[in-house]
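Here the structure is laid out as structure tokens; the discussion comes afterwards.
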Ligand code: THU
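Numbering (this note's numbering), first residue to last: 682 to 817.
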């Protein structure tokens, strides 16, 4: 666990993004904020669909927005959900975060001020990535 000053801004950005969540089915609002190495913050919220499987998680929305805008180097991610027990990224998001962000710190926070930071290598140990594709 660690805490940095810039995390406050990142958590605030994720909390702001969470307000825009489109969640008519689960009512479970999630906000994410991705920090680039140049200090930019890119936000994402979860976006659900009546065809449930098409739902996009907040983390993936933030990453795909950033990548499609030409950003490729990221230094931190914050995820805000208003649960007592802090909510970690789902398995699918962990794989996507690893692909584009590698071993970055991921801060999980709620609206009551609870905060915990874990590195991606803790959240996704023994990750599969492109390194294995060139090893066959
Ligand atoms: N959700 C996220 O946005 N991120 C996660 O890592 C976990 C799940 C969303 C997807 C869906 O809109 C709602 O939370 C309930 O699963």
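Just so you know, even glycine gets a beta-carbon here, dropped at the ideal spot from N, CA and C. This one's a predicted model, so the numbers in the text were calculated from it and none came from an experiment.
Reduced DSSP secondary structure (H/G/I, E/B, other) of residue i
| i | result |
| --- | --- |
| residue 683 | Its pLDDT being 40, under 50, residue 683 is placed unreliably by the model, and nothing is read from it. |
| residue 689 | helix |
| residue 815 | coil |
| residue 729 | coil |
| residue 781 | helix |
| residue 749 | helix |
| residue 700 | coil |
| residue 740 | helix |
Whether residue i touches residue j by CB criterion (7 Å)
| i | j | result |
| --- | --- | --- |
| residue 757 | residue 726 | no |
| residue 743 | residue 713 | yes |
| residue 759 | residue 805 | no |
| residue 755 | residue 717 | yes |
| residue 816 | residue 802 | no |
| residue 792 | residue 763 | yes |
Buried or exposed (CB count within 10 angstroms, at least 16 for buried), residue i
| i | result |
| --- | --- |
| residue 715 | buried |
| residue 684 | The predicted position of residue 684 is uncertain, since its pLDDT is 38 and thus under 50; a value taken from the coordinates is nonetheless stated next. Flag for residue 684 reads exposed. |
| residue 771 | exposed |
| residue 790 | buried |
| residue 807 | exposed |
Supposed close pair residue i, residue j - CB separation, criterion 8 Å
| i | j | result |
| --- | --- | --- |
| residue 705 | residue 721 | Actually they are not in contact, since the Cβ atoms of residue 705 and residue 721 sit about 30 Å apart, beyond 8 Å. |
| residue 774 | residue 797 | So it is not a contact: roughly 17 Å between Cβ atoms. |
| said: As a quick check of your reading: which residues have a C-beta less than 6 Å from at least one non-hydrogen atom of the ligand THU, in chain order? | reply: Working through the chain, the matches are 704, 707, 709, 711, 727, 729, 736, 738, 739, 740, 770, 771, 774.
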